[in-house]
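A.B. asks: Dropping a structure here in structure tokens format, bear with me for questions.
Protein chains in written order, with the numbering used here: chain A, 1 to 297; chain B, 298 to 594.
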């Protein structure tokens, strides 16, 4: 496998298709970078773009996209439901294969510095790349949004990590590093949504469960079954099998079976290999034993 | 993922390093083909080479290697413990990724025909590519070995699928297609090798178990534990989890735990994804959801 970094920037444009296309064209213009997905939300007036590639290529693609967004998006005119502070609102780098979190933090710093110097955009490092504890949380970085930050940026505690301590029409950008997020749902053999809610409460960090797990109990109306819908924000710390087994155990308390589970969207190979390793009690297994990893070495 | 075929030819030379190197050089000379492994056995006087790549490249590499082997190896002078009938003794094609068994059977036929026509080597199609039921089994194809086949080839039932009905000094070659073989061991929490032997008997095809499974019970002297050592010859028909769960269940009959398992060598990604799917009870999972498969599309 080549070294692979994923990048999921969010841009403050979800309505003008031609603007979104021009930003995406910048990402596609970097050789070796592959666009995996993009989606635009009209009411949020925001687009989420997912691409992947070798670290330097991904960093370059993120820079070009941010430069184009600064040219085409005027935050003075931007309206939308989703909190935002810049034309390019957030840029997270995500380690996928043969890359460490430290590598991604370095990418965030290098990109942040370049955006500050060449594009004159204030940049805040966030999540794993944060330089202050309170900036790990994106909500703190983005507090007041574009309009509020125009004034607040002058305060010492809101000083950006790179770029000017004042806002232009492209606003400010949060650049950071985080583990891959896995969207994972577990379906229960019951239509009692309260059981799903109780299980969700037991496993999620906000109510004392696994720190990196977010979860809600919902009812799937079309199938008339309850579901625990989960965001796994750090699968290396809390793997899929641990969450699955805990949900199974909690469900059994109510005499309810786990009837299935679903992975929504993409997942790193390693997260599934760990599941096989766990249940087969594998000894001494290495990812390099997977045939497909050998062809692109 | 690109379309990937594996090829594991066996050559009747395990002593003269320079001969083995020249054969391998032919494989390396094809662009896009990746040599994964090779090993030479002196007492067998035989080498096993593993390479992988796109179908046409793999076929070309196999042809070039067979041509070189025919130039450098004289079967009149070959002595070794392992049964053999040709300088290139066997060439199996193995579907790995986005390739069907039918594709590999076609590769076997095309290579066999070319070897017959251009190299004047008798070729027998075997395993999944066999044209007669008795030729599925390599032992039948190779009966009498090089020395015996020189006469036997003249019989109607030993007529090759391609090439002349007579043997030159390069002998004859079996070309075929088969599923990937997974070497898989399951370790037991006992030093009683008889329990491992009973479990092996229960799971292997030769004594009525899974048709495509071979198994033996052995004692690991260094760890003083019994092991069921397994060759899984068709993981799509009989997946890893089914063998693991059956061994666990049979071991429990003797009050013995499965303490671990091992994958020896390489394994297709799909075989491990199926394990994760089984235990997580995944619904609607597709291999394309694995991030790493997207980069090389």
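Think of the CB as a built atom: it goes at the ideal place given N, C-alpha and C, for glycine as much as any other residue.
Among A/28, A/283 and A/69, whose alpha-carbon lies nearest the alpha-carbon of residue 319 of chain A?
C.D. replies: Not covered by the structure: residue 319 of chain A. The range shown for chain A is 1 to 297.
A.B. asks: On the premise that residue 196 of chain A lies in contact with residue 228 of chain A, defined as a C-beta separation below 8 Å, what is that separation, rounded to the nearest angstrom?
C.D. replies: For the purposes of this step, residue 228 of chain A is taken as the residue at position 228 of the first chain. For the purposes of this step, residue 196 of chain A is taken as the residue at position 196 of the first chain. Their Cβ separation, rounded to whole angstroms, is 5 Å, which keeps residue 228 of chain A and residue 196 of chain A in contact under 8 Å.
A.B. asks: Check whether the stretch 146 to 161 of chain A and the stretch 177 to 197 of chain A are in contact - that is, three or more C-beta pairs closer than 8 Å.
C.D. replies: The stretch 146 to 161 of chain A vs the stretch 177 to 197 of chain A: no contact.
A.B. asks: Note down the Cα distance separating residue 373 of chain B from residue 385 of chain B, rounded to an integer number of angstroms.
C.D. replies: Reading the second chain from its first residue, position 76 is the one you call residue 373 of chain B. Reading the second chain from its first residue, position 88 is the one you call residue 385 of chain B. Those two C-alpha atoms are separated by around 14 Å.
A.B. asks: By the 10 Å Cβ neighbour count, where 16 or more other Cβ atoms means buried, how is residue 37 of chain A classified, buried or exposed?
C.D. replies: Position 37 of the first chain, counted from the start, is the residue given in the question as residue 37 of chain A. Exposed, by the Cβ-count rule.
A.B. asks: Ignoring anything shorter than 3 residues or poking outside the stretch 179 to 236 of chain A, list the beta strand (DSSP E) runs there in chain order.
C.D. replies: Runs of the beta strand (DSSP E) inside the stretch 179 to 236 of chain A: 182 to 188, 213 to 220 and 225 to 232.
A.B. asks: Name the chain B residues whose beta carbon is nearer than 8 Å to that of residue 289 of chain A?
C.D. replies: Your numbering for residue 289 of chain A matches position 289 in the first chain. Per Cβ cutoff of 8 Å: 560, 562, 563 and 564.
A.B. asks: Where DSSP assigns a beta bridge to residue 307 of chain B, which residues make up the other side?
C.D. replies: Translated into the one-based positions of the second chain, residue 307 of chain B becomes position 10. According to DSSP, residue 307 of chain B bridges with B/345 and B/387.
A.B. asks: Within 10 Å of its beta-carbon, does residue 451 of chain B have 16 or more other beta-carbons around it, so buried, or fewer, so exposed?
C.D. replies: If you number the second chain from 1, residue 451 of chain B lands on position 154. That one is exposed.
A.B. asks: Report the three-state DSSP secondary structure of residue 458 of chain B (helix, strand or coil).
C.D. replies: As a working mapping, residue 458 of chain B is identified with position 161 in the second chain. DSSP places residue 458 of chain B in coil when its eight states are reduced to three.
A.B. asks: Check whether the Cβ of residue 39 of chain A lies closer than 8 Å to any Cβ atom in chain B.
C.D. replies: Sequence index remark: in the first chain, residue 39 of chain A carries index 39 (1-based). No - not a single Cβ of chain B is within 8 Å of the one on residue 39 of chain A.
A.B. asks: Measuring only the C-alpha atoms, how far is residue 91 of chain A from residue 513 of chain B?
C.D. replies: For the purposes of this step, residue 91 of chain A is identified with residue 91 of the first chain, where counting begins at 1. For the purposes of this step, residue 513 of chain B is identified with residue 216 of the second chain, where counting begins at 1. Those two C-alpha atoms are separated by around 54 Å.
A.B. asks: Name the residue from B/459, B/364, B/422 and B/377 whose alpha carbon lies nearest to the alpha carbon of residue 467 of chain B.
C.D. replies: Looking up residue 467 of chain B in the second chain gives position 170. Closest option to residue 467 of chain B, Cα to Cα, is B/364.
A.B. asks: My output table needs one value for residue 564 of chain B: the three-state DSSP class, helix, strand or coil.
C.D. replies: Sequence index remark: in the second chain, residue 564 of chain B carries index 267 (1-based). Reduced to three states, the DSSP call for residue 564 of chain B is strand.
A.B. asks: For residue 453 of chain B, does the count of other Cβ atoms within 10 angstroms reach 16, so buried, or fall short, so exposed?
C.D. replies: Translated into positions along the second chain, residue 453 of chain B becomes position 156. Result: exposed.
A.B. asks: Using the C-alpha atoms, what's the distance from residue 186 of chain A back to residue 580 of chain B?
C.D. replies: If you number the second chain from 1, residue 580 of chain B lands on position 283. If you number the first chain from 1, residue 186 of chain A lands on position 186. About 10 Å.
A.B. asks: What's the call for residue 552 of chain B, buried or exposed, on a 16-neighbour Cβ count within 10 Å?
C.D. replies: By 1-based counting over the second chain, the position of residue 552 of chain B is 255. Label assigned to residue 552 of chain B: exposed.
A.B. asks: Considering only the alpha carbon of each residue, which of B/549, B/533 and B/437 lies closest to residue 567 of chain B?
C.D. replies: Locating residue 567 of chain B in the second chain gives position 270, counting from the first residue. When each option's Cα is compared against that of residue 567 of chain B, the closest is B/533.
A.B. asks: With C-beta atoms as the reference, is residue 419 of chain B less than 8 Å away from residue 457 of chain B?
C.D. replies: Counting from one through the second chain, the residue named residue 419 of chain B turns up at place 122. Counting from one through the second chain, the residue named residue 457 of chain B turns up at place 160. Yes, they are a contact pair.
A.B. asks: So, using beta-carbon positions, are residue 442 of chain B and residue 381 of chain B closer together than 8 Å?
C.D. replies: On the second chain, residue 442 of chain B is found 145 positions in, with the first residue counted as 1. On the second chain, residue 381 of chain B is found 84 positions in, with the first residue counted as 1. It is a contact, given that the beta carbons lie within the stated cut-off.
A.B. asks: What did DSSP end up calling residue 99 of chain A once you bin it into helix, strand or coil?
C.D. replies: Position 99 of the first chain, counting from 1, holds the residue named residue 99 of chain A. Residue 99 of chain A falls in the coil class under three-state DSSP.
A.B. asks: Applying a beta-carbon distance threshold of less than 7 Å, which residues of chain B neighbour residue 244 of chain A?
C.D. replies: In the first chain, counting from the first residue as 1, residue 244 of chain A sits at position 244. Result: 577.
A.B. asks: Please identify, using Cβ separations under 9 Å, the residues of the stretch 392 to 406 of chain B that lie next to chain A, in order along the chain.
C.D. replies: Within the stretch 392 to 406 of chain B, the qualifying residues are 393 and 394.
A.B. asks: Quick one: is the Cβ of residue 119 of chain A within less than 7 Å of any heavy atom of the ligand PLP?
C.D. replies: With respect to the ligand PLP, the structure shown offers nothing to examine, as it has no ligands at all.
A.B. asks: State the start and end residues of the unbroken beta strand (DSSP E) segment that holds residue 544 of chain B.
C.D. replies: The count along the second chain starts at 1 and reaches residue 544 of chain B at position 247. From DSSP, residue 544 of chain B is part of no beta strand (DSSP E) but of the alpha helix (DSSP H) over 537 to 549.
A.B. asks: From residue 190 of chain A to residue 200 of chain A, what distance separates their C-alpha atoms?
C.D. replies: Residue 190 of chain A sits at position 190 when you count from the first residue of the first chain. Residue 200 of chain A sits at position 200 when you count from the first residue of the first chain. So the two alpha carbons sit approximately 15 Å from each other.
A.B. asks: For the alpha helix (DSSP H) containing residue 141 of chain A, list its first residue and its last residue.
C.D. replies: What you label residue 141 of chain A is simply residue 141 of the first chain in a count that begins at 1. Run containing residue 141 of chain A: 138 to 141, per the alpha helix (DSSP H) assignment.
A.B. asks: Got a sec: is the Cβ-Cβ distance from residue 355 of chain B to anything in chain A below 8 Å?
C.D. replies: Numbered from 1 along the second chain, position 58 holds the residue referred to as residue 355 of chain B. False, the Cβ-Cβ gap to chain A never drops below 8 Å.
A.B. asks: Taking any Cβ of chain A, which residues in the stretch 507 to 532 of chain B have a Cβ under 7 Å from it, in chain order?
C.D. replies: Under the 7 Å Cβ criterion, the stretch 507 to 532 of chain B contributes no residue.
A.B. asks: For residue 307 of chain B, which of B/338, B/462, B/330 and B/315 has the nearest alpha-carbon?
C.D. replies: Within the second chain, residue 307 of chain B is the residue found at index 10, counting from 1. For residue 307 of chain B, the nearest C-alpha among the options comes from B/338.
A.B. asks: So is residue 582 of chain B in contact with chain A if we call contact Cβ pairs under 8 Å?
C.D. replies: On the second chain, residue 582 of chain B is found 285 positions in, with the first residue counted as 1. For residue 582 of chain B, the answer is yes, since a Cβ of chain A falls inside 8 Å of its Cβ.
A.B. asks: For residue 125 of chain A, write down the residues that DSSP places opposite it in a beta bridge.
C.D. replies: For the purposes of this step, residue 125 of chain A is identified with residue 125 of the first chain, where counting begins at 1. Partner(s): A/175.
A.B. asks: Measuring only between beta-carbons, confirm whether residue 276 of chain A sits less than 8 Å from chain B.
C.D. replies: In the first chain, counting from the first residue as 1, residue 276 of chain A sits at position 276. Cβ-Cβ to chain B under 8 Å: yes for residue 276 of chain A.
A.B. asks: Answer yes or no: does any C-beta atom of chain B fall closer than 8 Å to that of residue 188 of chain A?
C.D. replies: For this step, residue 188 of chain A is matched to residue 188 along the first chain. It does not; no Cβ of chain B falls within 8 Å.
A.B. asks: Confirm, please, whether the CB-CB distance from residue 289 of chain A to residue 560 of chain B is below 8 Å.
C.D. replies: Here residue 560 of chain B refers to the residue found at position 263 when the second chain is read from its first residue. Here residue 289 of chain A refers to the residue found at position 289 when the first chain is read from its first residue. The answer is yes: Cβ separation under 8 Å.
A.B. asks: Just checking: is the beta-carbon of residue 441 of chain B within a distance shorter than 8 Å of some beta-carbon in chain A?
C.D. replies: For the purposes of this step, residue 441 of chain B is identified with residue 144 of the second chain, where counting begins at 1. By this cut-off, residue 441 of chain B is not an interface position.
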